[in-house]
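Numbering (the numbering used here), first residue to last: 7 to 395.
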Ligand code: ATP
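The structure is reproduced here in structure tokens:
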């Protein structure tokens, strides 16, 4: 174990507790008649980088605040390993929070900001511990500056160092990169991941930015209106969404009305406006006789009418290009299908194929294993256009 890992190893509870993760059961928070968090069950394994992802107002921050002890649950329990911490005072929990606004002490320099908690606890080796924390967040050359003399990204690192030096079992991050500009944010995402990897502490990261969650987290819980819609590894959520909300909120999806014709073995055959397409059983989440056939825009191939495309299985003729957006790495098309719906197609700009123009007649195609099928009872537009908030 590295010196840093050793120094940041949780001390506030026994080894038994460190072995267990964070467990939320039936967690509910009501503000008067409004239910912000609704009967939430969640398990966060020790040492994971976990993201709570959802649109504004879905209850992410309230969940985090209940874990931190800043909000009292209306009902339900919060356990950390074997210990029930539901009603523990915030300072008694082995949990620390990094907020979006950093909350640094403006009158103290960087070193003293990081040292603050240790000095209050009258800890020994303060200088050594602060120095190693500043090394971890790569701020050793700035130690005598005040927060106002640092960039937003550097202030964020100080806030992180100050939270980690208390050796929490769980670090809560509430939109920690929200105040940074896009380029800095991307850099900090990689930094945060490296730091989490190095210290091995459980990170719970709240964000409404799906790209941020996917870049950093091992596990994402997608939250909507106080409940978890789906939880899993980023690629699993993206490739195999179980609800229209997840399909639309995490990236973009074409959702097409389909009539389920047969289910046999690994394949489900679905009638799509007169064309039969297939979906694998593992990605079919519709019980009735109708469903939304889902296909991601980058999984759709576009070609001239009658062109043999490399996607055996699902070929859909009769499209007309209605919009072309050149975005550098890819070209994004809107294609009007014979049934009137416009489908999105993203094609990588490899330079090997010509770019289609508005009005071109095209054929679309995709491999059955890339499609998914969702329950038709759901609103096909749920979760769309919410991630830009
Ligand atoms: P954001 O990303 O905008 O912070 P969020 O998902 O973190 O959103 P919460 O802050 O958890 O959402 O809020 C969930 C809902 O609970 C919102 O509708 C909010 O208005 C409401 N809410 C939060 N705190 C209170 C409070 N103290 N009193 C009344 N309503 C509250």
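For every residue, glycine included, the Cβ atom is placed at its ideal position computed from N, Cα and C.
Would the beta-carbon of residue i be found less than 6 angstroms away from any heavy atom of ligand 1?
| i | result |
| --- | --- |
| residue 42 | yes |
| residue 199 | no |
| residue 157 | no |
| residue 65 | yes |
| residue 68 | yes |
| residue 378 | no |
| residue 214 | yes |
| residue 56 | no |
| residue 284 | no |
| residue 117 | no |
| residue 62 | yes |
| residue 37 | yes |
Return the first residue and the last residue of the beta strand (DSSP E) that residue i is part of.
| i | result |
| --- | --- |
| residue 343 | Taken as a continuous stretch (DSSP letters only), residue 343 belongs to no beta strand (DSSP E), as it is neither H nor E. |
| residue 226 | 225 to 230 |
| residue 264 | 260 to 270 |
| residue 38 | Taken as a continuous stretch (DSSP letters only), residue 38 belongs to no beta strand (DSSP E), as it is neither H nor E. |
| residue 216 | Per DSSP, residue 216 belongs to no beta strand (DSSP E); it is in the alpha helix (DSSP H), 216 to 222. |
| residue 378 | 378 to 381 |
| residue 212 | 208 to 213 |
Which two residues bound the contiguous alpha helix (DSSP H) that contains residue i?
| i | result |
| --- | --- |
| residue 191 | 188 to 205 |
| residue 391 | No alpha helix (DSSP H) contains residue 391, which DSSP labels as neither H nor E. |
| residue 253 | 250 to 255 |
| residue 119 | 116 to 126 |
Apart from the five residues on each side of it in sequence, which residues of its chain come closer than 7 angstroms, Cβ to Cβ, to residue i?
| i | result |
| --- | --- |
| residue 277 | 264, 265 and 267 |
| residue 31 | 47, 82 and 83 |
| residue 152 | 112 and 115 |
| residue 281 | 322 |
To which residues of the same chain is residue i closer than 6 angstroms at the C-beta, ignoring the five residues directly before and after it?
| i | result |
| --- | --- |
| residue 99 | 75 and 91 |
| residue 390 | 254 |
| residue 202 | 55 and 209 |
| residue 221 | 195 |
| residue 247 | 253 |
| residue 273 | 284 |
| residue 29 | 49 and 85 |
| residue 7 | Any answer about residue 7 is weak, because its pLDDT of 37 lies below 50 and its placement is not dependable; what the coordinates show is given next. Excluding residues within five positions, none has a Cβ falling inside 6 angstroms. |
| residue 207 | 177 |
Please go through the same chain and pick out, in chain order, the residues whose beta-carbon is closer than 8 angstroms to the beta-carbon of residue i, but skip the five residues on each side of it.
| i | result |
| --- | --- |
| residue 295 | 265 and 266 |
| residue 1 | The chain is shown only over 7 to 395; residue 1 falls outside these bounds and no answer can be derived. |
| residue 384 | 249, 250, 251 and 298 |
| residue 159 | 186, 190, 193 and 194 |
| residue 132 | 121, 124 and 125 |
| residue 311 | 323, 367, 368 and 369 |
| residue 364 | 327, 328, 329 and 330 |
What residues are listed by DSSP as bridge partners for residue i?
| i | result |
| --- | --- |
| residue 238 | 226 |
| residue 369 | 309 |
| residue 29 | 49 and 85 |
| residue 243 | Answer is none; residue 243 lacks a bridge partner. |
| residue 110 | Partner(s): none; residue 110 has no beta bridge. |
| residue 233 | 230 |
Query raised in the report: In chain order, which continuous runs of the beta strand (DSSP E) of length 3 or greater are located wholly inside the region 275 to 354?
Result: 281 to 286, 296 to 301, 307 to 310, 320 to 332, 336 to 342 and 348 to 354
Query - Completely contained alpha helix (DSSP H) runs for the region 53 to 105, where each covers 4 or more residues - result: 66 to 74
**Report entry** Continuous alpha helix (DSSP H) assignments of at least 4 residues falling wholly in the region 129 to 195
**Finding:** 132 to 142 and 158 to 170
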